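Just so you know, we're using UniProt numbering here: the sequence shown kicks off at 92 and counts up by one. Virtual Cβ for every residue (Gly too), placed ideally from N, Cα, C. All values derive from a computational prediction rather than experimental measurement. A quick write-up on the structure given underneath.
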Amino acid sequence: KAGVVENGKDKERVMIIGGDGYCGWATALHLSARGHEVAIVDNLVRRTFDDQLGLQTLTPISSVHTRVKKWKQIKNKDIKLFVGDVCEFDFLADAFQQFEPDAVVHFGEQRSAPYSMIDRSRAVFTQHNNVIGTLNVMFAIKEFAPQCHLVKLGTMGEYGTPNIDIEEGFIEITHNGRKDVLPFPKQGGSFYHLSKVHDSHNIAFACKAWGIRATDLNQGVVYGVKTEETSLDEALINRLDYDGVFGTALNRFCVQAAVGHPLTIYGKGGQTRGYLDIRDTVRCLELAITRPAKLGEFRVFNQFTEQFSVRDLAKLVTEAGRKLGLEVKSINVENPRVEAEEHYYNAKHSKLIDMGLEPHYLNDSLLDSLVNVAIQYKDRVDYEQIMPGVSWKKIGAKPRTGVA
Ligand code: NAD
Ligand code: USQ
């Protein structure tokens, strides 16, 4: 097949860990629709976090069992389901031996920075869940599927916001007259972001020591909800988080605009990050899987398409809302996080484009459609969950039962 490099097969057996989540569900359907054999591994803990904290996705999502049944009805394609925790090695080993994956996409982590900063127990849970889960996946590959390509979701937040350009994974440094290419310095801004830094180091070491192959996708903030496949039926609809713990910047702003809540700009609003449309997330995963890393190789791609400050996003959503007849206001909320609010930001992101990614840039039609989805489900919005309730500075050792 055109464009597929050595070792890449047309049809791969892809295990998607975290396949019931926001990025994972969309990716599972995208790959299944393109003929890959897909298995979802998920312990459904994301749904438990919602139950524990009293949150719910804007969109009414079906159970994972209903989701895969509906997919079978519509497309006549099977998605295998393994419900369990990747921190339990026996469960994971069994799933590997049954499914025999060519590639494992690992989305299955606790992914909220605020969740990891609620209290000591959530910080420990996040790092345990993420770091041990990834170690288990690495060991399962070594033991049961040494050819298998690990495609691991990292995050742009691993790099922090240094006052120099951010490279894709590695930087050439000259020091005291000697030169080397070294991992780009990491400065995660929460216990969550730091869990990804630890994962990256562990995976890089395993590639070197055992000769396994891996791609670390340092993804930016994802926005949007619809993909070609999740739009086929209401039972396939994806989750969309808007609350102060799991909701991310642009998705939150669109929901806030729809329900008449002022847009919550934290601090000065100069915080700049890389962003991408969920339709590009699924395509990036497809590109990484069909063009795998070589045995022993640890590749790093920066997976985002455009960078925006929070202020830029607020302006864009205000304008999109105005066109839809909504009056959108913004407020500067005291920043609950510890982060630079005005800073230099210039991150490279050419490797996925070179491999064929054709980005969906943020435009009016996407903002329209996202605000319209939010309007469609606005009765499900709990206004009380919108303001941030987790403070980086106030995190303590004592368990917190509520975060509002
Ligand atoms: P999500 O919380 O919606 O999905 C994660 C899924 O993993 C959930 O279904 C959860 O139940 C599952 N999971 C968590 N721990 C598990 C375990 N121990 N065993 C089995 N399953 C487990 O998150 P998402 O937004 O889809 O993010 C997916 C990945 O992409 C994460 O690793 C995240 O860090 C990364 N990422 C997300 C974004 C974003 O904007 N959403 C941006 C950059 C990177
Ligand atoms: N922000 C606001 N107002 C809001 C929400 C966020 O100003 O209402 C600001 C934050 O302070 C931060 C920026 O927007 O400066 C991004 O915050 P976010 O919550 O959208 O994203 P973040 O916490 O970084 O985490 C999300 C995902 C995480 C992923 C990360 C990619 O939850 O899984 O790793 O985006 S990145 O930001 O590139 O590290």
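In the DSSP output, which residue or residues are listed as bridge partners for Ile477?
Note: Ile477 sits in no beta bridge, so no partner.
Pull up the DSSP beta-bridge partners for Leu241, would you.
Val195 and Ala305
If you scan the segment 384 to 424 from start to end, which runs of the beta strand (DSSP E) of 3 or more residues do you find wholly inside it?
389 to 394, 397 to 400 and 421 to 424
Assign Leu273 to one of two classes, buried (16 or more other C-beta atoms within 10 Å of its C-beta) or exposed (fewer than that).
exposed
Starting from Leu331 and walking both ways along the beta strand (DSSP E), at which residues does that stretch end?
Neither: Leu331 is in no beta strand (DSSP E) and is coded neither H nor E.
Could you pull out every residue in the same chain whose Cβ sits closer than 6 Å to the Cβ of Glu97, ignoring the five residues on either side in sequence?
Its pLDDT being 45, under 50, Glu97 is placed unreliably by the model, and the measurement read from it follows with that caveat. So the list is empty, once near-sequence residues are dropped.
Do Asn342 and Val373 come within 9 Å of each other at the CB atom, strictly closer than that value?
no
Could you pull out every residue in the same chain whose Cβ sits closer than 8 Å to the Cβ of Ile165, ignoring the five residues on either side in sequence?
Leu323, Asp324 and Leu327
Nearest by alpha-carbon distance to Asn393: which of Gly248, Arg202 and Arg104 is it?
Gly248
Given a cut-off of 9 Å on the beta-carbon distance, is the pair Gly112 and Phe198 in contact?
yes
What is the DSSP secondary structure of Gln188, counted as helix, strand or coil?
helix
Beta-carbon separation (whole angstroms), Pro184 vs Ala231, contact threshold 8 Å:
Going by the sequence as given, residue 184 is Ala instead of Pro. Contact holds; Cβ gap of about 6 Å.
Under the DSSP definition of a beta bridge, which residues are partnered with Tyr314?
Asp368
Would you identify the three-state DSSP class for Met106, choosing helix, strand or coil?
strand
With respect to 8 Å, is the separation between the Cβ of Arg364 and the closest non-hydrogen atom of ligand 2 below this value?
yes
Neighbourhood of Leu347 by C-beta distance below 6 Å, restricted to the same chain and skipping five residues each side:
Residue identity check: residue 347 is Gln in the sequence provided, not Leu. Answer for Gln347: Leu354, listed in chain order.
Does at least one heavy atom of ligand 2 sit under 8 Å from the Cβ of Leu458?
no
Stretch-stretch touch, CB-based, cutoff 8 Å, three pairs: the segment 270 to 290 with the segment 210 to 227:
yes
Between Leu331 and Gly338, what straight-line distance do the alpha-carbon atoms span, to the nearest angstrom?
8 Å
Taking only heavy atoms of ligand 2 into account, decide whether any of them is closer than 8 Å to the Cβ of Val401.
yes
Report the option in Arg104, Lys100, Lys102 and Gly110 whose CA atom is closest to the CA atom of Asn329.
Gly110
Excluding the five sequence neighbours on either side, which residues of its own chain have a C-beta within less than 7 Å of the C-beta of Gly94, listed in chain order?
Since pLDDT at Gly94 reaches only 38, below the 50 mark, its modelled position is unreliable, and the value read off the structure follows with that caveat. For Gly94, where only same-chain residues beyond five positions count, the Cβ hits under 7 Å are Gly447.
May I have the straight-line CA-CA distance separating Ala488 from Asp210, to the nearest angstrom?
6 Å
What first and last residue would you give for the alpha helix (DSSP H) that runs through Asn235?
This sequence places Phe at residue 235; Asn is not what is there. Taken as a continuous stretch (DSSP letters only), the alpha helix (DSSP H) holding Phe235 covers Gly224 to Phe235.
Nearest residue (CA-CA) to Asn426, options Gly361, Leu376, Leu461 and Asn463:
Gly361
Between the Cα of Val312 and those of Leu122, Ile294, Ala300 and Ala340, spot the shortest distance and give me the residue it belongs to.
Ala340
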